[in-house]
Each structure stands twice: as structure tokens, then as C-alpha cells.
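A.B. asks: From first to last, the protein sequence lines are chains E and A. Using our numbering, read the first sequence as starting at 1 and increasing by one per residue. Using our numbering, read the second sequence as starting at 1 and increasing by one per residue. C-beta atoms are modelled at their ideal positions from N, C-alpha and C, and glycine is treated no differently. Note that the coordinates shown come from a computational prediction; the quantities given were computed from them, not determined experimentally.
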Amino acid sequence: EVQLVESGGGLVQPGGSLRLSCAASGFTFSDHYIDWVRQAPGKGLEWVSRIRNKANSYTKEYAASVKGRFTISTDESKNSLYLQMNSLQTEDTAVYYCARIISGAYYHDYWGQGTLVTVSS
Amino acid sequence: DIQMTQSPSSLSASVGDTVTITCRASQGISNSLAWFQQKPGKAPKPLIYAASSLQSGVPSKFSGSGSGTDFTLIISSLQPEDFATYYCQQYQSYPLTFGGGTTVEIK
Numbered sequence: 001e002v003q004l005v006e007s008g009g010g011l012v013q014p015g016g017s018l019r020l021s022c023a024a025s026g027f028t029f030s031d032h033y034i035d036w037v038r039q040a041p042g043k044g045l046e047w048v049s050r051i052r053n054k055a056n057s058y059t060k061e062y063a064a065s066v067k068g069r070f071t072i073s074t075d076e077s078k079n080s081l082y083l084q085m086n087s088l089q090t091e092d093t094a095v096y097y098c099a100r101i102i103s104g105a106y107y108h109d110y111w112g113q114g115t116l117v118t119v120s121s
Numbered sequence: 001d002i003q004m005t006q007s008p009s010s011l012s013a014s015v016g017d018t019v020t021i022t023c024r025a026s027q028g029i030s031n032s033l034a035w036f037q038q039k040p041g042k043a044p045k046p047l048i049y050a051a052s053s054l055q056s057g058v059p060s061k062f063s064g065s066g067s068g069t070d071f072t073l074i075i076s077s078l079q080p081e082d083f084a085t086y087y088c089q090q091y092q093s094y095p096l097t098f099g100g101g102t103t104v105e106i107k
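1) Looking at the strands, I want to know which residues DSSP matches up with Val104 (chain A).
2) By the DSSP assignment, the beta strand (DSSP E) with Ala24 (chain E) in it spans what residues?
3) I want to verify the contact list: residues of chain E whose CB lies under 8 Å from the CB of Phe98 (chain A), in sequence order.
4) Could you pull out every residue in the same chain whose Cβ sits closer than 6 Å to the Cβ of Gly28 (chain A), ignoring the five residues on either side in sequence?
5) Starting from Arg52 (chain E), follow the beta strand (DSSP E) in both directions and report where the run begins and ends.
6) How many angstroms separate the CA atom of Ser77 (chain E) from the CA atom of Arg38 (chain E)?
7) To which residues does DSSP link Tyr87 (chain A) through a beta bridge?
8) By Cβ distance, which residues of its chain are closer than 6 Å to Thr22 (chain A), with the 5 residues on each side in sequence left out?
9) May I have the straight-line CA-CA distance separating Ala51 (chain A) from Arg24 (chain A), to the nearest angstrom?
10) Between E:Lys54, E:Ala105, E:Asn86, E:Val95, which has its C-alpha nearest Thr28 (chain E)'s C-alpha?
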């Protein structure tokens, strides 16, 4: 069974840092692209970042709103995805989801349950 | 960036009704369009990919159509579990973008 489990969310002050994790199971992690998508309280969905699969050298993409502040990475040995978030701003407050991209295509097929990040003083 | 505009933003319907949600892209995206269902406090659930293909396990009461800039999600014979918020998403180009959502409420 495919599972994605996010963790690492919490309360952080503006300007602070946080690292989110997404633990994957039930599939060959290195075969898939994976995204981070976030949702501010009461708002819609916003794509944050993507890491491509091993065959594509784990290359990365970022939304303009987080580029230079957030870093996506992966640890194949742990079947895990990370999002290092620096210089956090109040507008980064959101539930952060990791989502798998189906092999050979570019749409999501599995999402995690999300982890809440609150940026507040 | 490609802007995705959904309409309506909300609608009220009764059990058994058929509802239609539209999504318009600000530029052509071929059929690189997905639809998601989200219930309060839950992660989005993928429903449709490639504009009209059902994700595994999604009932045929959901159907999608369209290509280019105009897309439609139809939900037939609404049941209580279908009352939720629906989002479209384009995956033609970066940044991936979502529509603003359509909340389907019980009349």
C-alpha cells in the first residue's frame, strides 16, 4: 500500500526555520517525482516544490514565493523527502502536503495527510 | 504563470442532483488537467487526470471533459459523501497552478 506520511510541522517565529519530512512506503521511492503542496487556513491549494526522480538526477523546481528560502531534498536510503524552510514568513502558515507523481506522467496519484506549519510571534 | 479560474465558487444542490463545475485556463494546456475532491480537514483526493480519465477507484459518477482552455467536471446523482470542495489543477507547465475551488453544499 502506498503511503506518504508528513511530519515536522509546528509553531515557529517569523524569520525562523523548520524542516518537514515525508516518509514514503509501499513503492520504489527513487522512481517517482514528488511534490510539496500547501494550503493556508481556509484557502486554496498552492504548489510549492518538486523533486524529480533518480533517473532525472533528482532535479528540482520551486514556486517563486519560496525560491531561495525553501530547499527540497531526498534521502533514498530512508525513502524520505524533505523540505527545509528558512526565513519563514507569516504567509507561509499552511498545511503542507507531499504528493506523489505517477511514473511516466505528471499528475498526482497519492497525497499524504499533511503537517501544519504556523509562523507567528 | 497559467491562471486557473473555476466557476462557480460555490453551489447548493440536493441529493440526487447532477452538478457541473467549470475550469478555465488562461492559456492552452492541452489535456494536462486534474480534478481533486477535498473534505474538511482532509488531504485532497485525486479524482481525474488528463482531463477525462478517472483515477483508480473513483466511481463513474464523476466525469471530466475538455481540452485546451475549457474544462468541465460533472458529478451525477449527488450523494451525501460528495459534498465537498473541488479543485482543478494544470500540470502543463511550472508553476503548477490550482483553481480557487468550488464548494458543493447541501441545499
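C.D. replies: Checking against the coordinates, here is how it stands:
1) A:Leu11
2) Following the DSSP letters along the chain, one finds Ala24 (chain E) inside the beta strand (DSSP E) bounded by residues 18-25.
3) Listed by position along chain E, the residues whose Cβ is nearer than 8 Å to that of Phe98 (chain A) are Gly44, Leu45, Glu46, Trp47.
4) Gly68, Thr69
5) Note, Arg52 (chain E): premise wrong, no beta strand (DSSP E); not H, not E.
6) 26 Å
7) A:Phe36
8) Ser7, Thr72
9) 12 Å
10) E:Lys54
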